[in-house]
Each structure stands twice: as structure tokens, then as C-alpha cells.
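Engineer: Under UniProt numbering, the first residue of the sequence shown carries the number 1, and numbering increases by one thereafter. We treat Cβ as the ideally placed atom computed from N, Cα and C, and that holds for glycine. Keep in mind that this is a model prediction, so the values were computed, not measured.
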Amino acid sequence: MTRLALTLPLTPYETQTSYVSRLAARNGCASAYEFCHDVGLDWRAVINGESHELARLADISGENAGRLISQAIRVVGRRRLATRYAVVSDKVLERTQVRLCPICARGAEHGEVPFSAIQVVQNVVAPVVTCPWHKLPLIILPRARFAIDNFDVTAVARKHRQMLELPQIALSTARPAAVETYMLERLVDGRATCDWLDELPAHVIARASEVIGLRANLGADTALSGHDSSVLNHARAVGFDVLQGGPDVLAHWLETTCISNEGRRRRYGKDLGPINTWLTDSRLHPDYFPLRKVFAEFVIRNYAVTAGAKILGEIVATPKLLPTRHFARAVGVSTSFIRDVISSGLAPPPPSELADLSYLSLVTAEQANAVRKINGNVIEPIEAREMLGCSEGTFASILKAGLVRPLQGSPAHLRWFSRSDVVDLLTRVRELPVVKQAHRDAVPLAAAAQASKCSIGELLGMLMRGEIRMARSRRDGPPVSSIVLARPAVSAICPSYDGRGILRSDAAKTLGVSVRTIARLLHLGRLETLEERHPMTGEAFVTVQKESLEAFRARYIAIARAGDEIGESFQAVQSAVDRLNISLLSAGRRGARFLHRRDLPRIVDDLHVREINGKRRRRKAGAPIAG
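1) In the DSSP output, which residue or residues are listed as bridge partners for GLU531?
2) In whole angstroms, give me the CA-to-CA distance for ASP90 and TRP416.
3) Quick check: GLU458 and ALA401, are their CB atoms within less than 8 Å of each other?
4) What does DSSP give as the partner residue(s) for ARG593 in the beta ladder?
5) For a quick check, are the C-beta atoms of SER397 and SER455 less than 8 Å apart?
6) In this structure, how does DSSP classify residue 636 when only helix, strand and coil are distinguished?
7) Just how far apart, CA to CA, sit VAL128 and SER225?
8) Tell me whether LEU284 sits in a helix, a strand or coil according to DSSP, three-state version.
9) Between VAL429 and VAL422, what straight-line distance do the alpha-carbon atoms span, to the nearest angstrom?
10) Do LEU136 and residue 675 count as a contact pair if the criterion is CB distance below 8 Å?
11) Is it true that the CB of GLY563 sits closer than 8 Å to the CB of ALA572?
12) Taking the alpha carbon of ILE342 as the point to measure from, which residue in VAL153, PRO411, PRO478 has its own alpha carbon closest?
13) Give me the Cα-Cα distance between GLU94 and VAL20, rounded to the nearest whole angstrom.
14) CB-CB under 7 Å to ALA144, same chain, minus the five flanking residues each way: which ones, in chain order?
15) Mapping the DSSP letters down to three states, classify GLU14 as helix, strand or coil.
16) Got a sec? Which residues, its chain only, sit under 8 Å from LEU322 by beta carbon, not counting five neighbours each side?
17) Going by Cα to Cα distance, which pick from HIS203, LEU399, HIS234, ASP198 is closest to GLY213?
18) For TYR556, report the span of its beta strand (DSSP E) as first-last.
19) Measuring alpha carbon to alpha carbon, tell me which residue in TRP253, LEU100, LEU10, ARG474 is nearest ILE69.
20) Here's the rule: buried if 16 or more other CB atoms are within 10 angstroms of the residue's CB, otherwise exposed. What is ALA192?
21) Measuring straight from C-alpha to C-alpha, what distance separates GLY345 and LYS453?
22) Under 8 Å, do ALA347 and VAL371 count as touching if we go by C-beta distance?
23) According to the neighbour-count rule (16 or more other Cβ atoms, all chains shown, within 10 Å of its Cβ), is THR324 buried or exposed?
24) Can you tell which of GLN16, ARG520, MET163 has the C-alpha that lies nearest to the C-alpha of LEU100?
25) Can at least three beta-carbon pairs, one atom from the segment 260-279 and one from the segment 176-190, be found at a separation below 8 Å?
Okay, structure coming up:
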């Protein structure tokens, strides 16, 4: 691409949208979108950080493509953004809120227009509220009407120029909080500074620091939302100071700060305040669960709770017992499966001292070991159907064919099956080659079963024994539902009929009529029937005698085909029949009508005479009159 005449150098840590915005101002464009449209760039692709578009931007601006791509903020998923060193939530990187340092925004170098503001990655990180170079609070500019316009940093800065033109005396320096320093070192510089926090996602740290700070600054009665940004920034700094010390420091802070003096009447929900509201939200993401466990252990250790109760996602249990739901989720089975194992006697009963506790809520270690041992060899029908990708009826056909056998030694009413059989069948199906479903020789498995009078289980049994070849129509589709057969393979198990008679469908094709017309001719006695049995299935059915069909074809012709035989249109033949008062053979009210072949010469002569007299409009092109 042609390089721009007016270019600018890329500032360290500058985002790609800020660079394009400055180039637009340098070249006199009203907005970054117009600039991208003029030079042939996709503005949305630049915002998303797509590498091929950034390479084109580097080409026209004369910058190093690798450096521009490494400094860019990329979209890597739904509400997921990536810097050079980390992948975080869009709650941590606030790209649609322009925040600038007043001193950084004033500089106009390299021929730039005034207030050609530079947005660095540090200004995008939400917990960062202080300029890392000038130690000044970042000024938050109002959002544009449309979200995409907030990426045009220079245009937003010039629109709100008065907010950035503060007198020097009004600018007071501030020391960056520890949370700001940590976020910059982790997201921008890629340095790990705290083993405890480095295991948690960045958005979890930011939100947890904010909620803990609200509890520390405003008390237990404060709300979780509705606070000013300055209050949240101060709370985030205070909460991070507690959080960065690790689980022990956090637990000590909870015990010394949050526990009330109400004795046994105290309630952890009231003491934790906004923390409890946050952690008990049903929409809480699993990323927060490791941190929630620390608060749950604090509650269990310091409050009167009942064994078996669920506290902040953790179930209170005695040391020798395991919560059934938690154990079922860890092993990957259902709670009903655990109940069946215990009730069938395959696992030891609970001890006598725990007879008052229901084993459906707590299980012993011995019972857990028995469940793990059985789970490795057994599979339930629901899980088997999900693995094979088939319906309940298809799975019943597979069971009837003996491809999946009941687990040896298991009670019959439990319907437990051998996991190895399901795995073997699934492995064989996944080894099949992949073909296009639209291929003319591809026949779905269900259609092949219907044509061959075999069940799907019997066809899969032929596959396992190597008696028939199959394929798959989709690599990522349901394994069994995507199986197809080639037409030669279907013909091998269901050969076409070759007997003394002719099938009604073939007779209809021979005469050029419908199957219903053939049935009507058989009923009228114009064609003779023949009763036979299918050589493959032994099913009795009626065919048409070949001799009677040939005799009928020699005497009659369907009026719809008569025109093709003498080179005339159907309308011309029909008109001649009406004029000559020729009688037709009718095969019923909805059946076809047939013309006696001896009447064809009369029709030809009539049409020839009308053509000579000039009474015919037009013949079929390229078809001379016969006779």
C-alpha cells in the first residue's frame, strides 16, 4: 500500500485506536472512521485488533508491524480482551471510557494539532486512576452518544478540551495505589508479583478488592451498587491491601473486623454485608469460586452452622463424611446413581452412629470408594445416548442387537450397561471416513434400515463385523445420527427386484404415467397381474406381467406422449381428437387417457390438411409432420 505523506511515530504502550485517531487528526480528517474509509482500512477490524488489518496500518504509516500488533488490545471472545501478556474481561479494560492525563493530553509534537491525545494501555485498565508518569489523577471524559465513537480518542479529547485545560496550580499529584501498580505490572509489563493473586483472573481481583473495600470503608449496612466512582476507587485500593496478603491475612481481617459482638445470635450474612450479597448471587461466575471458598471456611469456623448445610457454596460436613452433591459433581455421576449403588448393596451401609443422617445428603469414604470403582465400568442409558448421539429408539435397537450389553453382575432393574461396549462402538463410528451428505450416493442410516427391512442395530452389527461399509456425513455431528451408506452397499443388503413381473413403478415409467394409473389399468383388466414373493424379505406383493404390458404398449399410447411420437404438441393432438371424434381409453377420473395407435395416421392427416389450408397457428419447432 502507498505510504501516507503525513505520518506520526507510535508512542510506547499506545493502543491501536489511539494511533489511528492521531493519524486522522494529523491528516485533517474529522474522525478516525472517515480516515479509515479514505485509506481503505476497516475501522471495526482495527478496534478488534485483527493482525492483518494492523499490518496494513503499519504499512501505510511506516511503523513496525510487530510492535504495533504487540501493543494492541485484541478481542478474543465474547466480552474477553487480550493484551500482550494476559486475557481479561472487558470489566478490567474499559475501552469505551476515555480517561486521560491532563499533561499527557496537552503535548503536541511532530506537527500534531493541539490536543491530539495519546491513549496508552495504562489508561484503559479500569483500576488505574493515576497517570503512571506524572502521578496525576486521570480525567474521565463523558462518553460519546455511540459506543464506537469512544474509540476515537483525539476527537473525544478535542470535544471536551475545557476539562483537560486545567491550570497548573489545580493539578495535585497523587501516589498510585497498590492495586494500580499490580494491575500495570501484570497486564502491561507481564510480571508476576504475588503467587496468591496470580492464580486468580484479573477481573476477579478487581471486583473482590472493590467489595472488600466497601465493607471496610462503609460498614456492613452499605449497598453493593450505586456508589460514585471516587468511592469505588478508594474502596478498591483499601480492599486490595487486604487481599494481596493472601488467604491467611484475609481470614485474619475477617475475624478482627467483620465479626459482631452478638454471641451465638450473630449471623454471618449481616456481618459480611455487601460481601455476602456478592457471593450469594446465583449469577456468580465460577472464576470467583476459589475466593468464595476462603469466605466459606471463615463462616464455618466462626459461626454456628448445621452439618450438611450449604454455606457460600460449601457444604458443612463432618470429617468422615462427604457431601453427596459435591462428590457426585467431582466424580461425574448423578446423585440417583449413588443412591442406586448404596441401595443395591454394592456399597457398605452407613455406620450405626450415623443412622439418623440420610445417606442421600452425606456419604462415607467407603461408599465413595465403591462408587468410584463401579463408575469406571458402568454407564447409564442417558449418558450412553449422549455419547453415541442417538435417540431412545435407536439405543433400544442397539441393545436388542447385542452391541451394548448389561453390566455383568448388576441388578436388572438398574439398567446399567458396559461402558467398554459403548466406547468400542463409538470408536468404530468415529473411524469412519467423512463424506458430504449431499452426495448423490449417500443414503442416511435410517433410510437404509427402512429399505432393507433391518433395524439400525442390525446394520451397526454388520459394521462391527466388517460386513458392510459406512461413512459419516459430518465430523462434528452426532456420531450415530450422521452415519450414511453408499447406494451400492444398500443394494447389497436390499437387492432390486428381478422376477417374472415388472414392478408398478417401473411399468409407470415405461408408459409415462403415474403409479395410480397403472393400478387403475390393473383394476380394469387392461393389464394382467402376477403375485410373487420378494427374494430377500419373503414379502408377497403384486407385479405386472411383462407380456401384458408389452401388448398394451403395442396397442395404446398415452395421449400425453402421442404428441412426442408424431412431433406435435399436446394441444394439437387433443384438438384433432376432438374434431375427428376419436374415442379414448380412460383409466379413471384421475387416471391418464390412452389413444389407440391405429388412430395416429388419421390425426397426422388431419393436421397436415389444416396446415396446407393455413388454419394452423404453428407447429413444434424442428418437428416435421410424420406420415
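Structural biologist: Reading it off the structure:
1) Here residue 531 refers to the residue found at position 531 of the sequence shown. VAL542, per the DSSP bridge assignment.
2) Translated into the one-based positions of the sequence shown, residue 90 becomes position 90. Translated into the one-based positions of the sequence shown, residue 416 becomes position 416. Using only the alpha carbons, I get a separation of about 46 Å.
3) The residue you call residue 458 lines up with position 458 of the sequence shown. The residue you call residue 401 lines up with position 401 of the sequence shown. Contact: yes.
4) Here residue 593 refers to the residue found at position 593 when the sequence shown is read from its first residue. According to DSSP, which records beta bridges pairwise, ARG593 is partnered with SER586.
5) The residue you call residue 397 lines up with position 397 of the sequence shown. The residue you call residue 455 lines up with position 455 of the sequence shown. Yes, Cβ-Cβ distance for SER397 and SER455 is below 8 Å.
6) Not covered by the structure: residue 636. The range shown for the chain is 1 to 627.
7) For the purposes of this step, residue 128 is taken as the residue at position 128 of the sequence shown. For the purposes of this step, residue 225 is taken as the residue at position 225 of the sequence shown. Distance between the alpha carbons of VAL128 and SER225 is about 20 Å.
8) For this step, residue 284 is matched to residue 284 along the sequence shown. Coil, per DSSP.
9) The residue given as residue 429 occupies position 429 in the sequence shown. The residue given as residue 422 occupies position 422 in the sequence shown. Rounded to the nearest angstrom, the two C-alpha atoms are 11 Å apart.
10) With the chain covering 1 to 627 only, the question about residue 675 has no answer from this structure.
11) Residue numbering aside, residue 572 sits at position 572 when the sequence shown is read from its first letter. Residue numbering aside, residue 563 sits at position 563 when the sequence shown is read from its first letter. Yes. Within cutoff.
12) Numbered from 1 along the sequence shown, position 342 holds the residue referred to as residue 342. Among VAL153, PRO411, PRO478, the Cα nearest to that of ILE342 is on PRO411.
13) Mapped onto the sequence shown, residue 94 falls at position 94. Mapped onto the sequence shown, residue 20 falls at position 20. Roughly 18 Å between the two C-alpha positions.
14) Working through the sequence shown from its first residue, we reach residue 144 at position 144. So the list reads ASN150, VAL156, once near-sequence residues are dropped.
15) Within the sequence shown, numbered from 1, the residue matching residue 14 stands at position 14. Residue state, collapsed to three classes: strand.
16) For this step, residue 322 is matched to residue 322 along the sequence shown. Correct list, in chain order: LEU362, VAL363, THR364, ALA365, ALA368.
17) In the sequence shown, the residue the question calls residue 213 occupies position 213. Checked all of HIS203, LEU399, HIS234, ASP198; the closest Cα to GLY213 is HIS234.
18) In the sequence shown, the residue the question calls residue 556 occupies position 556. Judged by DSSP secondary structure, TYR556 falls within the beta strand (DSSP E) whose first and last residues are 556-558.
19) For the purposes of this step, residue 69 is taken as the residue at position 69 of the sequence shown. Nearest of TRP253, LEU100, LEU10, ARG474 to ILE69, Cα basis: LEU10.
20) Looking up residue 192 in the sequence shown gives position 192. So ALA192 ends up on the exposed side.
21) The residue given as residue 345 occupies position 345 in the sequence shown. The residue given as residue 453 occupies position 453 in the sequence shown. So the two alpha carbons sit approximately 43 Å from each other.
22) Translated into positions along the sequence shown, residue 347 becomes position 347. Translated into positions along the sequence shown, residue 371 becomes position 371. Yes, Cβ-Cβ distance for ALA347 and VAL371 is below 8 Å.
23) Position 324 of the sequence shown, counted from the start, is the residue given in the question as residue 324. The residue in question, THR324, is buried, as its Cβ has 16 or more Cβ neighbours within 10 Å.
24) Reading the sequence shown from its first residue, position 100 is the one you call residue 100. Of GLN16, ARG520, MET163, the residue nearest in Cα terms is MET163.
25) no
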